[in-house]
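For reference, the structure discussed in these notes is given below.
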Amino acid sequence: MAILEVKNLTHTYSGNSPFVNDAVSDVSFAIEKGEIVGIIGHTGSGKSTLVQHLNGLLKPTEGEVLFENEDIWANPKEIRKIRSKVGLVFQYPEYQLFEETVIKDIAFGPKNMGLEGDELDKTVKEICEIVGVKHEFFEKSPFDLSGGEKRRVAIAGVMAMKPEVIVFDEPTAGLDPKGREDVMKIIRNYRKATGATVIIISHSMEDMANLADKILVMNKGKIYKFDTVANVFSNSEELRNIGLNVPIVTRVFEELSDLGINLPERALTIDSAVEILSALKAEVENA
Amino acid sequence: MLKDITFGQYYEASSPVHKCDPRVKIILMLCFIVFIFVSQNAFALALSTVAVFFVLLLSRVPMKLFLKNLKAIWFVLFFTAVINLFYSNSGTVLLHFWKIEITTGGIYRSIFMALRIVLLIFISSVLTYTTTPNSLTEAIERLLSPLKYIGLKNAVHTFAMMMTIALRFIPTLIEEAEKIMNAQKARGADLENGSLVERVKALIPILIPLLISSVRRAYELAEAMECRCYNGGEGKTRMKQLRMSTVDLYAIIFIVVFAALVITLNIIF
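Residue numbers (my numbering), protein chains in the order written: chain V, 1 to 287; chain W, 1 to 269.
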C-alpha cells in the first residue's frame, strides 16, 4: 500500500509579481511504505516546493496529498497532526536551533506533539542513541557545537517526533566529507530502527546511487521520470540535457565503453564498480 | 503571509516625476507642503489642489494607490473635520442644540482643514511612490552633506550607509523569518492558536534563530566590506552620480510659479 500519494498536485505562488508561474504543475506519484526515494532536479525545478506539500506546510493550489489514503487537508484544523507523521528536515536545519541545551532542543518536537515527563525523556534519549548525539553534549548549548554536530542535533530534533515518513531537503549541503558520511549514516540508522519511509532531495548523484531505491527526477515543475536508480541513470545524455548528471563512476564506465572497452554492465556505485572490475579481472586471468 | 509586506512604496513607471532628481524632489516636496499651509483662503487652496492633482497625474501612479494611503489615516481626517466643525461661529447658524451650534463658517473650516491634510498626504506619497528607497537615502546623504563643515564629518555618511543596509536587508530577513517559521512548524510548533501569552511564547523559537542569523550576517557583511577596502565615506565616489536635468528645471519653475500664485491669491483676497 502506498503510504504517501500525490495526485495532480499544482502549486502556483501568488505574489504581487505579474509573472505567475506554476512552481509545481500536475504532479502525481505514489511512495510505498519503507522505500527510500531520491528527488533530483536542477535549482528551481520545484523540488523544495513539492516536499513542503507532503507535511502540509503548503496547501496545494490544485490536487491533493494522501497520507495512508486520507487527504491530509480533509480537516484543515488538524493539519498539525500530519507534521509528526511526515517529518521534514529543511536545508541547513542547524539554523532552527534555539533552546538553551541540546536535549531541550531535541525535545521541542515531541513536546509539541503532547509528550511529557518520562515518555518524553525516553523518546529523546532513544533518538540521541540512534542519531549518535554524545552524552556529554546533552546539557551543552547547541550554539557551542561544531557545524556537523549542530546538524546532527537538528536532524535529531525532527526524528524525535518519530515520523513514519521523513523528508530531507539537501541534508548534506555545506558539510565536509566526514560530515556527509555521518548524515548518511544517521539516515540509515533511523530507517533501520524505525522502518520509516525516506525521501531525500540531493544534488549528489553518488549519494542517490548509494542510498535510494527509486529516483524522482523533476524538471521545470513537472515529473520528468520516476523510476529505479538503474533506469534513471541509464541515459546520461537525457539527464545532462536538464542540468543533471549520472554518478562519476557511471560516467567513467560510459567513457570506457566509448573507447571501445567492452564492459558487461554499467556501475552506479563505487562498490558495484569494484565488483564488476574484479569479476572481469578474474575472467581475464582465468582465460 | 510575510511576503505580502511591501516595504517602501516605490511604484515603477516612466514619468517626468520619476525622472526628477531625488534631491530636487525632496526640496520641492517640502516647498509644496509649506505653500499648502501658506494657502489661507479658498482660492489659494483651490489652486494648491489643482497643482497637487496635476503632479499626481504627471506621476502616472494609479489614483487608487493614493487613496489607499488615505485609508490609513481616515480617523485623523475624520477627527480634524469634526473638531473644526465646532471651532468657528461665523456665518449663519444651521443647527443649534444645547450649547453647540453648527455654522456655515464651521463647515467651511472643517472642509478646508480636511482638504489640507488630504493634499499633504497626496503630495508626500508622490515622493515615496516615485523614488526608490535607495535613491532617497542617497539624496538625504547629499542634502545633509553640508553638516560635515560643522564637525559631523563621518556621521552623515555612516547614517546613510546604515539606512541603505537596513533597507537592503529587509527582504532578506523576511525570507529568513519565513524559512525558520516553516522549520519550526515542521517540528509541530503552533503559531496560529492559543492565548496571547502562548502565542508570544511561540515566537521565541523564531526570534532566537532570526537574531542569531542577523548577527552572523552582520559579521559577514562587515568582513566583506573590509575585504573591499571600505573605510567610511572619505574619498568614496558613486557609481551612479546624481545629475540634474531639464526635468528638474521645469519642476523648479513649476514650484516657483505655484508659490508666487499662492502668495498673490493670499494678498488679493
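Backbone N, C-alpha and C define an ideal beta-carbon position, used for all residues, glycine too.
(message) Is residue 145 of chain V a contact residue of the ligand GTP, with contact defined as CB to any heavy atom under 8 Å?
(response) This structure lacks the ligand GTP, and indeed carries no ligand of any kind.
(message) Looking at chain W, is there any beta carbon in it that lies within less than 9 Å of the beta carbon of residue 55 of chain V?
(response) For residue 55 of chain V, the answer is yes, since a Cβ of chain W falls inside 9 Å of its Cβ.
(message) For a test of the three-state rule: what should DSSP assign to residue 225 of chain V, helix, strand or coil?
(response) Strand at residue 225 of chain V.
(message) Do residue 69 of chain V and residue 2 of chain V have their beta-carbon atoms positioned less than 9 Å apart in this structure?
(response) With respect to the 9 Å criterion, residue 2 of chain V and residue 69 of chain V are classified as neighbours on the basis of their beta carbons.
(message) Just to confirm my understanding: we take residue 196 of chain V, look at its own chain, exclude 5 residues before and 5 after, and list those with CB closer than 7 Å. What are they?
(response) Short of 7 Å from the beta carbon of residue 196 of chain V, and not among the five residues preceding or following it, lie these beta carbons of its own chain, in chain order: 163, 164, 165, 166 and 190.
(request) Kindly list the residues whose CB is nearer than 7 Å to the CB of residue 236 of chain W, restricted to its own chain and excluding five residues on each side of it in sequence; keep chain order. (result) Around residue 236 of chain W: no qualifying Cβ.
(message) Could you compute how far the alpha carbon of residue 37 of chain W sits from the alpha carbon of residue 145 of chain W?
(response) For residue 37 of chain W and residue 145 of chain W, the distance between alpha carbons rounds to 28 Å.
(request) Determine the contact status of residue 262 of chain W and residue 35 of chain W, defining contact as a CB-CB distance below 9 Å. (result) Contact flag set, yes.
(request) Give the interface partners of residue 83 of chain V over in chain W, defined as CB-CB distance under 8 Å, in chain order. (result) Going along chain W in sequence order, the residues near residue 83 of chain V (Cβ under 8 Å) are 185, 186, 187 and 188.
(message) Let me confirm a value: residue 218 of chain V is counted as buried when at least 16 other C-beta atoms fall within 10 Å, else exposed. Which label applies?
(response) Buried.
(request) Give the secondary structure of residue 191 of chain W by DSSP, where H, G and I count as helix, E and B as strand, and everything else as coil. (result) Reduced to three states, the DSSP call for residue 191 of chain W is coil.
(message) So with CB distances below 8 Å, who are the chain W contacts of residue 158 of chain V?
(response) Against chain W, a Cβ distance below 8 Å from residue 158 of chain V picks out 186 and 187.
(request) Compute the Euclidean distance between the alpha carbons of residue 241 of chain W and residue 151 of chain W, then round it to the nearest angstrom. (result) So the alpha carbons of these two residues sit roughly 25 Å apart.
(request) Return no unless some Cβ of chain W is closer than 9 Å to the Cβ of residue 95 of chain V. (result) Closer than 9 Å: yes.
(message) Can you list, in chain order, the residues of its chain with a C-beta nearer than 6 Å to that of residue 16 of chain V? Leave out the 5 residues immediately preceding and following it.
(response) The predicted model places residue 16 of chain V with a pLDDT of 49, which falls under 50 and marks its position as unreliable, so this point remains unresolved.
(message) Could you check whether the segment 177-184 of chain W touches the segment 84-101 of chain V, counting it as contact only if at least three pairs of C-beta atoms, one from each stretch, sit closer than 8 Å?
(response) In short, these stretches touch, since the Cβ pair count reaches three.
(message) So residue 157 of chain V and residue 175 of chain V are supposed to be a Cβ contact under 8 Å. How far apart are they, rounded?
(response) Contact doesn't hold; Cβ gap of about 17 Å is too wide.
(request) State yes or no: is the beta carbon of residue 299 of chain V nearer than 9 Å to at least one beta carbon in chain W? (result) As displayed, chain V neither begins before 1 nor continues past 287, which places residue 299 of chain V out of reach and without an answer.
(request) Starting from residue 36 of chain V, follow its DSSP beta bridges and name the residues at the other end. (result) Per the DSSP secondary-structure output, residue 36 of chain V pairs in a beta bridge with V:198.
(message) Strictly under 9 Å for the Cβ-Cβ distance: is residue 214 of chain W near chain V by that measure?
(response) Not one chain V Cβ lies under 9 Å of residue 214 of chain W.
(message) I need the DSSP call for residue 88 of chain W, collapsed to helix, strand or coil.
(response) Three-state result, residue 88 of chain W: coil.
(message) Would residue 179 of chain W pass as an interface residue toward chain V - the criterion being a Cβ-Cβ separation below 9 Å?
(response) Contact with chain V is found for residue 179 of chain W, since one of that chain's Cβ atoms lies less than 9 Å from the residue's Cβ.
(message) Are the CB atoms of residue 103 of chain W and residue 273 of chain W within a distance shorter than 9 Å?
(response) The structure shown does not extend to residue 273 of chain W, since chain W spans only 1 to 269, so no value can be given for it.
(request) Please go through the same chain and pick out, in chain order, the residues whose beta-carbon is closer than 8 Å to the beta-carbon of residue 35 of chain V, but skip the five residues on each side of it. (result) Cβ within range, chain order: 197, 198, 213 and 214.
(request) Mind the definition here: the segment 39-59 of chain W touches the segment 125-133 of chain W only if three or more C-beta pairs lie below 8 Å; say whether that holds. (result) Touching, yes.
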